[in-house]
Amino acid sequence: MPLPQHVRLVEVGPRDGLQNEAQPISVADKVQLVDELTAAGLSYIEVGSFVSPKWVPQMAGSAEVFAQIQRKAGVTYAALAPNFRGFEDALAAGVTEVAVFAAASEAFSQRNINCSISESLERFVPIMEAARLHGIRVRGYVSCVLGCPYEGQVAPQQVASVANELFAMGCYEVSLGDTIGTGTPGATRTLFDVVAGQIPRGKLAGHFHDTYGQALANIYASLLEGIQVFDSSIAGLGGCPYAKGASGNVATEDVLYMLNGLGIDTGIDMDRLIAAGQRICDVLGRPTGSRVAKVRLAS
Ligand code: HMG
Ligand code: MG
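For the sequence shown, this note's numbering begins at 7 and goes up steadily by one.
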């Protein structure tokens with residue numbers, strides 16, 4: 007399949023990146039991060055999540071973050087909602103759209119959202135109905151698509167089945183998450199090939215954590231499979247609190263560098279992106295996880 011001319015990057019740093027941070031991060035710092043990502047030209051930013059603060063304390067201030075960000079027309083400001091309460095809170099906060107999240111592995115579903123896969127899908131039905139009434143689009147996630155921290159290997163057919171349930175209930179796009187970053191390019195191609203048997207490729211996205219250093223290769227493999235939407239995290243921040251040892255998503259700066267090199271348009275400004283990454287890393291007191299930013303900041 008020829009490479010696409012345009013790719014949409016979904017910036018998940020303020021959510022997937024920061025959710026794993028134990029140290030307090032002020033609302034002002036989160037707001038500044040989102041505003042800088044907007045200024046860098048991201049068209050989709052996952053700002054936070056409306057989950058139980060007992061489960062993920064760092065996301066507790068998401069409503070305040072939504073209240074203070076400077077919104078730019080045409081940019082999607084999204085949030086995760088695990089249940090109807092989360093959806094209502096997200097709606098009240100003024101999200102552009104929400105994302106629901108399921109898993110391809112039963113053990114991960116239990117650890118992450120305390121219910122089975124089928125229970126989680128049932129919980130999403132009223133969210134879909136209410137979202138439709140309010141004109142809010144819903145994105146779907148499937149976790150553990152290329153391996154589970156508790157169950158090991160996950161069959162692509164199992165991923166396809168959960169993804170298809172999300173798509174059938176009305177998710178306009180389903181993002182396939184390599185939560186623990188164990189996937190490799192061959193497995194990634196097989197996965198998209200199998201899932202594309204049920205869902206059009208244009209409705210699928212890739213979400214690669216970079217734990218084993220495979221994320222960029224997996225994105226390239228996905229491009230060859232006709233996938234044009236990828237989730238990434240500024241400075242490579244993050245991980246999943248319920249997948250021990252999992253590192254952050256692939257760094258947005260590194261994906262942008264690869265896409266620029268391939269002549270694929272994203273509308274994102276590299277200098278502004280690197281500056282946004284540097285500032286949040288200063289706040290967190292840690293070096294960037296982006297190879298590109300490391301080099302560019304040193305020169
Ligand atoms: P539970 O304990 O089974 O639920 O948690 P519950 O209904 O018994 O409620 C427990 C408490 O949470 C109650 O408070 C509820 O009111 C409250 P209490 O009475 O004890 O004071 N509660 C809420 N509070 C705020 N917002 C809500 C909400 N719902 C209940 N929406 C639940 C079930 C789903 C709530 C919990 O397991 C949860 O919040 N899990 C979220 C886990 C999470 O956010 N994980 C990270 C995101 S997923 C991810 O990172 C993967 C992804 O990046 C893709 C990939 O990489 O694969 C997307
Ligand atoms: Mg993730």
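Heads up, the beta-carbon is just placed ideally off N, CA and C, and yes, glycines get one too. For clarity, every value in this text was computed on a predicted model and none was experimentally measured.
8 Å contact criterion, which residue 240 and residue 304 should meet: CB distance rounded: No, residue 240 and residue 304 are not in contact; Cβ-Cβ is about 18 Å, not under 8 Å.
Residue 197, buried or exposed, once every other Cβ within 10 Å from all chains shown has been counted against 16: Buried is the label assigned to residue 197, since at least 16 other Cβ atoms lie within 10 Å of its Cβ.
Residue 22 CB to nearest heavy atom of ligand 2 below 7 Å: Between ligand 2 and residue 22, a heavy atom-to-CB distance of less than 7 Å is present.
Identity of the residues DSSP links to residue 183 by a beta bridge: The partner list for residue 183 (beta bridge, DSSP) reads 213.
Spatial neighbours of residue 302 in its chain, beta-carbon cut-off 7 Å, leaving aside the 5 residues before and after: Scanning its chain for C-beta atoms nearer than 7 Å, with the 5 sequence neighbours on each side dropped, one finds around residue 302 the residues 280, in chain order.
Proximity winner among 238, 181, 15, 47, relative to residue 278 (alpha-carbon distances): Of the candidates 238, 181, 15, 47, the one whose C-alpha sits nearest the C-alpha of residue 278 is 47.
contact_flag[the stretch 33-43, the stretch 51-68] where n(CB pairs < 8 Å) is 3 or more: The stretch 33-43 makes contact with the stretch 51-68; the number of CB pairs closer than 8 Å reaches 3 or more.
Start and end residues, alpha helix (DSSP H) containing residue 331: In the structure as shown, the chain starts at 7 and stops at 305, and residue 331 therefore has no counterpart that could be examined.
Close beta carbons around residue 157, own chain, < 8 Å, minus the five adjacent residues each side: Scanning its chain for C-beta atoms nearer than 8 Å, with the 5 sequence neighbours on each side dropped, one finds around residue 157 the residues 111, 112, 113, 114, 150, in chain order.
Heavy atom of ligand 4 within 7 Å of residue 12 beta-carbon: Only ligand 1 and ligand 2 can be found as ligands here, which leaves ligand 4 out of the picture.
Residue from 206, 238, 43 with nearest C-alpha to residue 221: Closest option to residue 221, Cα to Cα, is 238.
Proximity test, residue 57 beta-carbon vs ligand 1 heavy atom, cut-off 7 Å: Yes - ligand 1 has a heavy atom lying nearer than 7 Å to the Cβ of residue 57.
Closest residue to residue 44 among 23, 22, 17 (Cα-Cα distance): Nearest neighbour of residue 44 by Cα position, chosen from 23, 22, 17, turns out to be 17.
Ranges of the alpha helix (DSSP H) found wholly within the stretch 39-64, counting only runs of at least 4: List check, alpha helix (DSSP H) in window: nothing returned.
Stretch-stretch touch, CB-based, cutoff 8 Å, three pairs: the stretch 172-188 with the stretch 260-274: Output reads no: the stretch 260-274 does not touch the stretch 172-188.
Length at least 3, wholly inside the stretch 222-246: the beta strand (DSSP E) runs in chain order: Fully enclosed beta strand (DSSP E) runs of no fewer than 3 residues occupy 235-238 of the stretch 222-246, in order along the chain.
Distance cut-off 7 Å: residue 185 Cβ against heavy atoms of ligand 2: Distances between the C-beta of residue 185 and the heavy atoms of ligand 2 include at least one below 7 Å.
CA-to-CA distance, residue 25 to residue 15, given in whole angstroms: When rounded, the distance between both Cα atoms is 19 Å.
C-beta contact flag for residue 23 and residue 254 at 8 Å: In this structure, residue 254 lies closer than 8 Å to residue 23 by Cβ.
Simplified DSSP state of residue 172, which is helix, strand or coil: In this structure, DSSP gives residue 172 a helical state, which the three-state scheme calls helix.
Contact test: residue 261 Cβ vs ligand 1 heavy atom, cutoff 7 Å: Not one heavy atom of ligand 1 falls within 7 Å of the beta-carbon of residue 261.
Residues near residue 308 in its chain [Cβ-Cβ closer than 7 Å; skip 5 each side]: Residue 308 falls outside the range modelled here, since the chain spans only 7 to 305, and no answer is possible.
Supposed contact pair residue 83 and residue 91 - C-beta distance, whole angstroms, cut 8 Å: Not a contact, Cβ separation roughly 20 Å.
Cα-Cα separation, residue 250 to residue 167: One C-alpha to the other measures close to 26 Å.
Expected contact under 8 Å - CB spacing of residue 93 and residue 81 to nearest Å: So it is not a contact: roughly 21 Å between Cβ atoms.
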